[in-house]
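Enquirer:
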Amino acid sequence: MRLLACLLIVLACAVCVCAQTASFGGPNLGFVSDPAGTTLRPILGVPGASTIGPPVGLGAAIRGAVISPKHDYVMARSGEADAVVFFQLSVGAAFQVVDGIRPDVVAISPAGSAAAFYNHDAKTLEILEGMPQSARVAWRFDASVIAGRLVRMAVSDDGILALLNFADAGARTLWLIDRSGALRRLSSIQPAVFTFVENRHDAVVADEGARQVYVFRDIDGAASRIPLLPVGSPGGFTAVAASADARRVFIAREQAGGVTIVNLDGFTSVTIPCGCRPTGLHPLKGAALFRLTEPSTDPMTILDASTSPPRTLVIPPSVWGTKPE
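Everything in the sequence shown is counted per the working numbering, starting at -10 for the first residue and increasing by one.
(1) Are L33 and F20 touching if we call contact CB-CB under 8 Å?
(2) Looking only at DSSP bridge pairs, what is D157 linked to?
(3) Spatial neighbours of P92 within its chain, please: C-beta separation below 8 Å, excluding the five flanking residues on both sides.
(4) Based on the DSSP secondary-structure assignment, which residues constitute the bridge partners of M120?
(5) Does the Cβ of R290 have 16 or more other Cβ atoms within 10 Å, making it buried, or fewer, making it exposed?
(6) Look at V182 and T227 and say whether their C-beta atoms are less than 8 Å apart.
(7) What is the DSSP secondary structure of A277, reduced to helix, strand or coil?
(8) Judging by CA-CA distance, which residue of T282, R280, E283 and A294 is the nearest neighbour of I261?
(9) Between A25 and chain C, is any beta-carbon pair separated by less than 8 Å?
(10) Out of R200, A245, V193 and G42, point me to the one whose CA is closest to R206's CA.
(11) Identify, in the order they occur along the chain, each residue of the same chain with its Cβ nearer than 8 Å to the Cβ of V134, setting aside the five sequence neighbours on each side.
(12) Taking a contact to mean a Cβ-Cβ separation below 8 Å, would you say P31 touches G42 in this structure?
(13) Nearest CA to the CA of S123: which residue from P288, V87 and K112?
(14) Taking F256 as the reference, which of S297, V202, F75 and G275 has the closest Cα?
(15) By Cβ distance, which residues of its chain are closer than 7 Å to S297, with the 5 residues on each side in sequence left out?
(16) Might you give, ordered along the chain, the residues of its own chain that have their beta carbon closer than 6 Å to the beta carbon of V303, omitting 5 neighbours on each side?
(17) For P223, which residues does DSSP report across the bridge?
(18) Alpha carbons only, please: which of G37, L152 and G159 is nearest the one belonging to D191?
(19) Of the choices G68, F155 and P16, whose alpha-carbon is the least far from that of R52?
(20) Which of the three DSSP states, helix, strand or coil, is assigned to A228?
(21) Using a 10 Å radius around the Cβ and a threshold of 16 neighbouring Cβ atoms, would you call S102 buried or exposed?
(22) On the DSSP bridge list, what partners appear for S67?
(23) So, I56 versus S22, is the Cβ gap smaller than 8 Å?
(24) Should D254 go down as buried or exposed, given a rule of 16 or more other Cβ atoms within 10 Å for buried?
(25) Could you give the C-beta distance for L150 and D209, rounded to a whole number, given that I count them as a contact under 8 Å?
(26) G247: which of T282, R236, L139 and L165 sits nearest, CA to CA?
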């Protein structure tokens, strides 16, 4: 408690400094962090004319930063107490510290209104609601009933559902859990990547075994399963995402070297080459804008699916060794 109290005092004193260093006068596409989550940088400009800006000073040392899909806050660990802290990125102010949570795996819902924390040693899942201003633990689940180790998870925007991917002796299983504690395995699925659809109980799941991507409608109810790819499509899925209006699904595959976009109205699809190996579909600010590759000393590739036709763009590389001012 004493360490946490000291951390709160330090962060409160840093707010005025952060407000000066984390606000920007011009347009930006959001933020990126280094692999350790210790440094944040803005992507300044607009699609097609953007660059990585200088490090953002938050007034406190952080690690394990996770940026919200809307890029309005970042969640990180800070201080000797390893407390979870929320920073409002519009002004750089630390506005909440959540005590008692030490997550090894973190997932934020598509709209950023809920989060899932998981601790490997305790095998405990915690779901937070009211993100970010009124973040609170809404419910917990003891995952010791599931064999193996958690690999990946996702949470719905209302905080009612979570998808958990466990690996045990080389086999992967996908489980659906709700806030009542009801647990159900999604059979015949070898999950690679998955996500909920914004503000819905629908989910997009990439099945590496079947080399197929499914949309699960009403996954906690009737759970109809709709395949999106032709039979015999390549696997190697690295990420899936859905548009905010739930009309398009985006599928990134390392082997394909691009992103497949499936229109759910007519189930037509198009693959946009990127000249890269996409490692994710990280949403940026704006409609249907995603970061495909990790920040490094190489150019960073983004997908702009707000245009017709969709296009890929590159952002010049940046030097990540620079410290915030």
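All C-beta atoms in this analysis are idealised placements derived from N, C-alpha and C, irrespective of residue type, glycine included.
All figures in this text were calculated on a predicted structure; none of them were measured in a lab.
Expert: The answer reads as follows:
(1) no
(2) The bridge partners DSSP lists for D157 are A160.
(3) V73, F106, Y107, N108 and E115
(4) Looking at the DSSP assignment, M120 forms no beta bridge with any residue, so it has no partner.
(5) Strictly speaking, residue 290 in this sequence is Thr, with Arg absent from that position. Buried: at least 16 other Cβ atoms inside 10 Å.
(6) yes
(7) coil
(8) A294
(9) Going by chain labels, chain C is absent from the structure shown, which holds only one protein chain.
(10) V193
(11) L172
(12) yes
(13) V87
(14) V202
(15) none
(16) Within the same chain, V303 has close Cβ partners P288 and T290.
(17) Beta-bridge pairing links P223 to no other residue.
(18) L152
(19) G68
(20) strand
(21) The residue is buried, with at least 16 neighbouring Cβ atoms inside 10 Å.
(22) The partner list for S67 (beta bridge, DSSP) reads A72.
(23) yes
(24) exposed
(25) 6 Å
(26) For G247, the nearest C-alpha among the options comes from T282.
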